[in-house]
Amino acid sequence: MKDNFYFDNAATSWPKPEPVYAFMDSFFRSNGVNPGRSGHMLSLEAEQMVFQTRKMLARFFGFSGDPNRVVFTLNGADAINMAIAGLVKPGDHVITTRLEHNAVLRVANHLEHDGVAQISRVSAEPSGYVLPENIEAAIQPNTKAIVLNHASNVLGTVQDVEAVGAIAKKHGLVLVVDAAQTAGVVPIDMALANIGVLALPGHKGLFGPMGVGVLIVAEDVTLSPTRFGGTGVDSESPLQPEIYPHRLESGTVPLPGIAGLHAAQKWFLALGKQCLEKQLADQDHTAEQRLTLAELNESQSEHAVMCKLAIEHIHTTEMQHIAEIETLLKRYPSVTVLGAARNDARVAAISFIVDGMSAQQLGDMLDADYHICARAGLHCAPLVHQDAVTIEQGGALRLSPGYFTDEEDMRNLINALTELLA
Ligand SMILES: Cc1ncc(COP(=O)(O)O)c(C=O)c1O
35 MKDNFYFDNA ATSWPKPEPV YAFMDSFFRS NGVNPGRSGH MLSLEAEQMV
85 FQTRKMLARF FGFSGDPNRV VFTLNGADAI NMAIAGLVKP GDHVITTRLE
135 HNAVLRVANH LEHDGVAQIS RVSAEPSGYV LPENIEAAIQ PNTKAIVLNH
185 ASNVLGTVQD VEAVGAIAKK HGLVLVVDAA QTAGVVPIDM ALANIGVLAL
235 PGHKGLFGPM GVGVLIVAED VTLSPTRFGG TGVDSESPLQ PEIYPHRLES
285 GTVPLPGIAG LHAAQKWFLA LGKQCLEKQL ADQDHTAEQR LTLAELNESQ
335 SEHAVMCKLA IEHIHTTEMQ HIAEIETLLK RYPSVTVLGA ARNDARVAAI
385 SFIVDGMSAQ QLGDMLDADY HICARAGLHC APLVHQDAVT IEQGGALRLS
435 PGYFTDEEDM RNLINALTEL LA
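Using my numbering, the letters of the sequence shown correspond one by one to residues 35 to 456.
And the structure:
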């Protein structure tokens, strides 16, 4: 019997795959030195691990440019700050949406408040999807960028990033994507979707630890540095070096966090291989067909192809849990689930309110009486709750199962909700 039943993976994924814990520990012990600084063997090995991680992440997100443009940040909010503040200049106009997390909203609000930039916040439909044509309609002559929440951390709705990317390309705008809720659970191809800057935390769907985020900057986008400091290269230069990653990475990188992401990438690769083997066994492929598939995978970068299989498998697993939760919630007339169109593109987060009970009350009861970890409140996305008219009852209760949610977790959740809602 577990001590806790964790349904808060949209806040951070937990637990992590075993190899992530193991490699963080072993690499920190064997090579926990400053990478890219001192030039001794241990430091060079650490630097090599960091560079390999940049390479794996580039392939994971369909980025074929220089892996040094995969920049490590502190978390998702840090990556978004660096993206928006590094892009926007006085007099620019930025389009974003009312689905955004405060990680985007507050950066945009400060730019507006300080008179630096004009901001348009496009509304979503009541279903939780933003119509790409509404984004296009908001474009002005001085528009610089579109900043898009890929999946809402409240509603779980996934936006049509490729359609928005096509609009950005047509109008010569930079598309900045906040992939906090999709990285690792929805395949993202930066080239296909014309994403100019991809920002994400390492601690959610990528299965890394807290303390590390990722920013990938397309070759045709220039981000100005917004923080300055030591880089281990070009020390005589009075200004921040021009070259990536040093242009954006000041100070010592979070080595243990990067080691965690490194091991997690290898875990995705191994999971993808298992999925492929299972598919081949299920479909009873001949040896000849196996060879062709292997060759195809080789030509497309094994890492990208296998990780995509793993991502699809993870997404399917998580959405099975959401379907079960949703079926239960829909039985109770006192329950309102936020957003609609559950069969459309989604990730595994579901938020709901219950008549006569505040979200906090429900969250507290789940925690105290059933040891179920869920998140009550506004989820750092106040405009989503304004539009859903859930501010007055203190927001909603969000349940977000993950890949490691098991039958015991689900049984306990279903029992608890059945008792509380009856
Ligand atoms: C949609 C979205 N964007 C950005 C963030 C910020 O990520 P971090 O907490 O790593 O800064 C989150 C975190 O919950 C999020 O859900």
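For glycine and all other residues, C-beta sits at the position ideal for the given N, C-alpha and C.
What does the Cβ neighbour count give for residue i, buried or exposed, with the cut at 16 atoms within 10 Å?
{"i": "K204", "result": "exposed"}
{"i": "K50", "result": "buried"}
{"i": "S64", "result": "exposed"}
{"i": "I425", "result": "exposed"}
{"i": "P367", "result": "exposed"}
{"i": "D254", "result": "exposed"}
{"i": "T130", "result": "buried"}
{"i": "M116", "result": "buried"}
{"i": "T107", "result": "buried"}
{"i": "Q193", "result": "buried"}
{"i": "M90", "result": "buried"}
{"i": "P272", "result": "exposed"}
How about residue i: is its Cβ closer than 6 angstroms to a heavy atom in ligand 1?
{"i": "A111", "result": "yes"}
{"i": "N187", "result": "yes"}
{"i": "H135", "result": "yes"}
{"i": "D4", "result": "Nothing can be reported for residue 4: it is not among the residues displayed for the chain, which extend from 35 to 456."}
{"i": "D42", "result": "no"}
{"i": "P288", "result": "no"}
{"i": "Q215", "result": "yes"}
{"i": "D212", "result": "yes"}
{"i": "P279", "result": "no"}
{"i": "P463", "result": "For the chain, the structure presents residues 35 to 456; residue 463 sits outside this window and is missing."}
Measure the CB-CB distance between residue i and residue j and report whether it falls below 7 angstroms.
{"i": "P166", "j": "V150", "result": "no"}
{"i": "G436", "j": "G247", "result": "no"}
{"i": "V164", "j": "A171", "result": "no"}
{"i": "L182", "j": "A217", "result": "no"}
{"i": "V128", "j": "I169", "result": "no"}
{"i": "L362", "j": "V369", "result": "no"}
{"i": "P290", "j": "F62", "result": "yes"}
{"i": "V208", "j": "L232", "result": "no"}
Rounded C-beta distance between residue i and residue j? I'm assuming under 8 angstroms.
{"i": "V418", "j": "S186", "result": "6 angstroms"}
{"i": "I406", "j": "A357", "result": "Not confirmed; about 19 angstroms, so no contact."}
{"i": "L28", "j": "A113", "result": "Outside the shown range of the chain (35 to 456) lies residue 28, about which nothing can therefore be said."}
{"i": "A293", "j": "F57", "result": "6 angstroms"}
{"i": "A227", "j": "G199", "result": "4 angstroms"}
{"i": "A393", "j": "I387", "result": "6 angstroms"}
{"i": "F41", "j": "H337", "result": "Wrong, their Cβ atoms sit about 31 angstroms apart, outside the cutoff."}
{"i": "V122", "j": "L145", "result": "6 angstroms"}
Beta-carbon within less than 6 angstroms of residue i's beta-carbon, same chain only, minus the 5 sequence neighbours each way: which residues are those?
{"i": "G397", "result": "A408, A410 and L431"}
{"i": "Y404", "result": "A450"}
{"i": "R103", "result": "V251 and Y278"}
{"i": "S385", "result": "V188, L372, A430 and R432"}
{"i": "R261", "result": "S284"}
{"i": "N136", "result": "C414"}
{"i": "K342", "result": "P221"}
In its own chain, which residues sit with a C-beta less than 7 angstroms from the C-beta of residue i, not counting the 5 before and 5 after it?
{"i": "D223", "result": "G96"}
Ordered along the chain, which non-local residues of its own chain (more than five positions away) have a Cβ less than 8 angstroms from that of residue i?
{"i": "V54", "result": "F241, G242, P243, G294, A297, A298 and W301"}
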